[in-house]
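Peer 1:
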Amino acid sequence: MSFVARPALRAASRAAALSATRSRLALAVGRTAVARSYSTEAPKTEAPKAEVPPPKGSGNTLLFTVIAAALVGGGGYYYYSSANDTVVVPVVPKPFVPTYEDYKKVYDDIAASLESDDYDDGSYGPVLIRLAWHASGTYDAASNTGGSSGATMRFAPEALHGANAGLEKARDHLEPIHAKYPWISYGDLWTLAGVASVQELGGPTIKWRPGRHDEDASACTPDGRLPDGDKGADHVRSIFYRMGFNDQEIVALIGAHALGRCHTDRSGFDGPWTFAPTYLTNDFYKLLKEEKWHWRKWKGPAQYQDSTNSLMMLPADMCLVKDKKFKVFVDKYANSNDDFFADFSKVFCKLLELGVEFKPNQESWTFTATNA
Ligand code: HEM
Numbered sequence: 007m008s009f010v011a012r013p014a015l016r017a018a019s020r021a022a023a024l025s026a027t028r029s030r031l032a033l034a035v036g037r038t039a040v041a042r043s044y045s046t047e048a049p050k051t052e053a054p055k056a057e058v059p060p061p062k063g064s065g066n067t068l069l070f071t072v073i074a075a076a077l078v079g080g081g082g083y084y085y086y087s088s089a090n091d092t093v094v095v096p097v098v099p100k101p102f103v104p105t106y107e108d109y110k111k112v113y114d115d116i117a118a119s120l121e122s123d124d125y126d127d128g129s130y131g132p133v134l135i136r137l138a139w140h141a142s143g144t145y146d147a148a149s150n151t152g153g154s155s156g157a158t159m160r161f162a163p164e165a166l167h168g169a170n171a172g173l174e175k176a177r178d179h180l181e182p183i184h185a186k187y188p189w190i191s192y193g194d195l196w197t198l199a200g201v202a203s204v205q206e207l208g209g210p211t212i213k214w215r216p217g218r219h220d221e222d223a224s225a226c227t228p229d230g231r232l233p234d235g236d237k238g239a240d241h242v243r244s245i246f247y248r249m250g251f252n253d254q255e256i257v258a259l260i261g262a263h264a265l266g267r268c269h270t271d272r273s274g275f276d277g278p279w280t281f282a283p284t285y286l287t288n289d290f291y292k293l294l295k296e297e298k299w300h301w302r303k304w305k306g307p308a309q310y311q312d313s314t315n316s317l318m319m320l321p322a323d324m325c326l327v328k329d330k331k332f333k334v335f336v337d338k339y340a341n342s343n344d345d346f347f348a349d350f351s352k353v354f355c356k357l358l359e360l361g362v363e364f365k366p367n368q369e370s371w372t373f374t375a376t377n378a
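To convert, count from 1 in the sequence shown and add 6; that's the working numbering.
#1: So, for T227: in the same chain, excluding its five sequence neighbours on each side, which residues have a beta-carbon less than 7 Å away from its beta-carbon?
#2: Is G235 near ligand 1 - that is, is its Cβ less than 8 Å away from at least one heavy atom of it?
#3: Run the CB neighbour count on E296, radius 10 Å, all protein chains shown included, and call it buried at 16 or more, exposed below.
#4: Report the CB separation of F161 from A223 in whole angstroms; it is logged as a contact under 8 Å.
#5: Any contact of the stretch 95-105 with the stretch 177-186, i.e. 3+ C-beta pairs under 8 Å?
#6: Whether or not the stretch 354-363 and the stretch 266-279 are in contact is what I'm after, with contact meaning three or more pairs of Cβ atoms, one per stretch, closer than 8 Å; do they touch?
#7: With DSSP as the reference, label P61 as helix, strand or coil.
#8: Rounded to whole angstroms, how far is the Cβ of G200 from the Cβ of L286, which I believe are closer than 8 Å?
#9: What's the call for H263, buried or exposed, on a 16-neighbour Cβ count within 10 Å?
#10: Leaving out five residues on either side along the sequence, give the residues of the same chain with a beta carbon under 6 Å from the beta carbon of D115.
#11: My guess is that S154 and V362 are in contact by the Cβ rule of under 8 Å, so how many angstroms apart are they, rounded?
#12: Can you tell me whether S273 sits near ligand 1, meaning its C-beta is under 8 Å from at least one heavy atom of the ligand?
#13: Of the choices G266, N377, T197, whose alpha-carbon is the least far from that of D126?
#14: Assuming contact is defined by CB atoms lying nearer than 9 Å, are L293 and A239 in contact in what I supplied?
#15: Are the beta-carbon atoms of Y109 and I190 separated by less than 9 Å?
#16: Any heavy atom of ligand 3 closer than 8 Å to the Cβ of R136?
#17: Hey, how far is the Cα of D234 from the Cα of D349?
#18: With H, G and I counted as helix, E and B as strand and the rest as coil, what does DSSP make of R267?
#19: May I ask whether a heavy atom of ligand 1 can be found less than 8 Å away from the beta carbon of F332?
#20: Nearer than 8 Å: is that true of the beta carbon of P283 relative to any heavy atom of ligand 1?
#21: Given P283, which residues of its chain have a CB within under 7 Å of its CB, disregarding the five upstream and five downstream residues?
#22: Just to check my reading of the structure: G156 and D229 have Cβ atoms closer than 8 Å, yes? What is that Cβ distance to the nearest angstrom?
#23: Consider the Cβ of P283: report whether some Cβ of chain D lies at a distance smaller than 9 Å.
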């Protein structure tokens with residue numbers, strides 16, 4: 007019985023095994039997206055959906071992650087990496103946007119740095135004013151090149167132009183302040199230093215606004231854009247008219263020579279213009295008019311000397327009283343310190359802004375002098 011039954015049993019189990027194999031085969035083929043029952047049927051290319059596992063983070067989870075990342079990241083960005091199935095959100099630091107308060111800190115640090123017993127007449131102010139002026143006075147209105155934006159005097163050849171001799175003292179003096187506030191452009195720093203120096207040395211309040219961008223050496227201006235001290239009215243006019251100034255503005259600007267001095271190892275000229283070279287007043291105009299000036303007898307370049315032989319005037323200064331049109335404004339400023347301050351405040355601001363492209367809504371600011 008058992009013997010007879012065995013073949014039948016084997017056949018039955020063989021049939022069952024064959025059927026199971028067929029089913030497994032059908033499933034395996036289905037996973038490769040080609041399921042076919044008979045050879046005459048066209049292959050079905052649609053993958054059985056149940057066979058494909060859903061990607062991690064798909065559907066609602068992925069949507070939630072992306073929205074959360076966008077909210078947390080703010081202005082950042084994200085991308086979906088299919089390689090490791092994650093949403094990658096790089097941390098994009100928000101750019102530092104300095105405010106008035108930040109510039110005020112820079113102003114105050116410049117103001118605090120000016121006094122020095124070891125330097126010249128006791129203040130870095132005059133040489134910082136000259137730095138701001140020489141950075142700005144390269145402006146050429148016709149080509150709209152030069153000016154304080156770019157701060158190209160950091161580079162040769164502009165740093166080596168004869169007119170800029172000695173200004174490394176001013177640039178070097180400001181380096182620690184730039185290191186402390188590395189976000190400020192050199193053009194903004196140098197002009198703000200000019201403003202701080204005028205105000206801290208007793209001058210008028212000067213409006214100032216930020217917006218200068220540093221450029222590289224390729225933006226250096228050609229030599230010859232700044233005035234020579236040994237020349238007269240024609241030269242002075244041609245230099246300042248090129249920047250866009252008129253006679254009144256020229257005379258008001260040069261009143262800054264109430265401050266500081268000439269150095270034989272820089273320009274070759276020698277001595278201060280006034281008896282109080284660290285205090286801005288209209289003394290330059292008064293002395294120009296009232297002193298008896300004579301040529302100094304010395305081996306240096308031709309310059310004028312006062313009756314006490316302690317003050318000096320450049321030929322370019324003296325042309326302001328020799329030229330009748332200039333002299334009108336020398337008289338005006340010699341008679342009124344208020345008039346000089348009012349006009350100097352406007353024209354010095356104009357000088358520092360020549361050629362600068364400010365943001366349309368950038369307001370001008372004033373900073374209170376620390377000694378006010
Ligand atoms: C015709 C125009 C000008 C000429 C020829 C001229 C020339 C000079 C010269 C030769 C020096 C001496 C540099 C040295 O040896 O250290 C000097 C110094 C100075 N200039 Fe002028 N300058 C002119 C206009 C201006 C203007 C427009 C300003 C400012 C608004 C200015 C501000 C100064 C100051 C503050 C100093 C003293 C710098 C110090 O003490 O180190 N100058 N200038």
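Backbone N, C-alpha and C fix where the C-beta goes; we use that ideal spot for every residue, glycine too.
For clarity, every value in this text was computed on a predicted model and none was experimentally measured.
Peer 2: Once the coordinates are examined:
#1: Only T144, T151, G152, T158, E164 meet the Cβ criterion.
#2: Because some heavy atom of ligand 1 lies under 8 Å away, the Cβ of G235 counts as near it: yes.
#3: Answer is exposed; the Cβ neighbour count stays below 16.
#4: About 4 Å separates the two Cβ atoms, so the contact holds.
#5: The stretch 95-105 vs the stretch 177-186: no contact.
#6: Taking 8 Å as the limit for Cβ pairs, the verdict is that the stretch 354-363 does not touch the stretch 266-279.
#7: Low per-residue confidence applies at P61: pLDDT is 43, beneath 50, and the placement is therefore not dependable, though the value from the model is reported in the following sentence. Looking at P61 - three-state DSSP - the assignment turns out to be coil, as it is neither helix nor strand.
#8: Not really, about 12 Å apart at Cβ, beyond 8 Å.
#9: For H263, the number of other beta carbons within 10 angstroms of its own is at least 16, and it is reported as buried.
#10: Only I183 meet the Cβ criterion.
#11: So it is a contact: roughly 6 Å between Cβ atoms.
#12: Yes, since a heavy atom of ligand 1 falls inside the 8 Å radius drawn around the Cβ of S273.
#13: Among G266, N377, T197, the Cα nearest to that of D126 belongs to G266.
#14: For L293 and A239, no; Cβs fall outside 9 Å.
#15: Their beta carbons are under 9 Å apart, which means Y109 touches I190 by this criterion.
#16: Ligand 3 is absent from the structure shown, which contains only ligand 1.
#17: Whole-angstrom Cα-Cα distance: 24 Å.
#18: It is a strand residue.
#19: Relative to ligand 1, F332 has its C-beta separated by 8 Å or more from all heavy atoms.
#20: For P283, the Cβ falls inside the 8 Å cut-off from some heavy atom of ligand 1.
#21: Answer for P283: D127, P132, L265, G266, R267, listed in chain order.
#22: Cβ atoms of G156 and D229 stay farther apart than 8 Å, at about 16 Å.
#23: Structure shown: chain D not included; a single protein chain is present.
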